[in-house]
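In the UniProt record's numbering, the protein residues as written are 1 to 270.
All C-beta atoms, glycine included, are put in the ideal place defined by N, C-alpha and C.
Written out below as structure tokens is the structure these notes cover.
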């Protein structure tokens, strides 16, 4: 049996859609009412350990989608609880959606690296998918204003962005063929690095790119009503892209998909 956690999230929904025709797949979510499709659903809430004690029963392959919404200690506690419960339930293999190696410069890298280490120390088989940042995320970080301006502190930096749908396709390929990927780390970044100016051109001649400073971005995000932990996360993402740490392309995506990856610009505009 394959169990996909975080099935109500954006990536989880895409993975669930791709597994919808299988009779050996179950979805896990903290709110089963939000579950997509017609697959069986279990309540899996990383913050409620009572849902984990039996939630992983009978599971052969666990697709552990990062529960990254929170402070580092919160995320580590969630992932630790899930892995502990999976071990006790006898899960055979965990496929974990981690963060690209170049993401070590990002403020939210630590829980990912902690989880990778915990999986390596576990009694289960594992595969780590080091996902690049979504093209859809960059679209949100550098969205045009009503006046036709993209204002973001990206400088001349570029991101090896990857379409979320490609990461879902890769996760499914690994999940259904888990033994062949045991003990492997797949680096899943895009093949094209894009920045603010590229996004502006893709939107059309009526859109301009006007970089702002990190300080200006920090004040704007803080005033938007963002959670306190989100402010450094978003500013740090801008900073790492602007400094050129997130532009390296290549990796294992094309080989794992068996085809050319989707255009990150098309994904961003969509």
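When you compare each of the options to residue i by their alpha carbons, which one comes out closest?
i           : options              : result
residue 193 : 235, 126 and 262     : 262
residue 254 : 99, 163 and 200      : 163
residue 126 : 117, 102 and 95      : 95
residue 24  : 237, 38 and 207      : 38
residue 271 : 16, 86 and 207       : This structure gives no information on residue 271, because the portion of the chain shown stretches from 1 to 270.
residue 240 : 101, 35 and 182      : 101
residue 70  : 220, 228 and 18      : 228
residue 218 : 209, 207 and 232     : 232
residue 268 : 242, 230, 201 and 35 : 201
residue 4   : 133, 132 and 97      : 97
For residue i, does the count of other Cβ atoms within 10 angstroms reach 16, so buried, or fall short, so exposed?
i           : result
residue 93  : buried
residue 184 : exposed
residue 88  : exposed
residue 42  : buried
residue 264 : buried
residue 112 : buried
Hey, how far is the Cα of residue i from the Cα of residue j?
i           : j           : result
residue 285 : residue 135 : For residue 285 there is no data in the structure shown, the boundaries of the chain being 1 and 270.
residue 29  : residue 119 : 21 Å
residue 137 : residue 234 : 10 Å
residue 21  : residue 61  : 17 Å
residue 55  : residue 78  : 14 Å
residue 149 : residue 141 : 13 Å
residue 225 : residue 123 : 42 Å
residue 180 : residue 14  : 23 Å
residue 83  : residue 128 : 14 Å
residue 143 : residue 75  : 28 Å
residue 115 : residue 204 : 41 Å
residue 139 : residue 32  : 29 Å
residue 130 : residue 99  : 4 Å
Our contact map puts residue i next to residue j with C-beta atoms below 8 Å; I'd like the distance itself, whole angstroms only.
i           : j           : result
residue 252 : residue 188 : 6 Å
Taking 8 Å as the CB-CB limit, is residue i close to chain C?
i          : result
residue 94 : In summary, chain C is missing from the structure at hand, where a single protein chain is found.
Would the segment 8-16 count as touching the segment 61-68 if we require 3 or more Cβ pairs under 8 Å?
Touching, yes, given that three or more Cβ pairs across the two stretches are closer than 8 Å.
Say whether the segment 212-232 touches the segment 169-182, bearing in mind that this needs 3 or more beta-carbon pairs closer than 8 Å, one atom from each stretch.
No, the segment 212-232 is not in contact with the segment 169-182.
Examine the Cβ distances between the segment 101-112 and the segment 229-246 and report whether three or more of them are shorter than 8 Å.
As far as the Cβ criterion goes, the segment 101-112 touches the segment 229-246, which means the pair count is three or higher.
Stretch pair the segment 37-54 + the segment 142-158: three plus CB contacts closer than 8 Å:
Taking a cut-off of 8 Å for Cβ pairs, the segment 37-54 and the segment 142-158 do not touch, as fewer than three such pairs fall below it.
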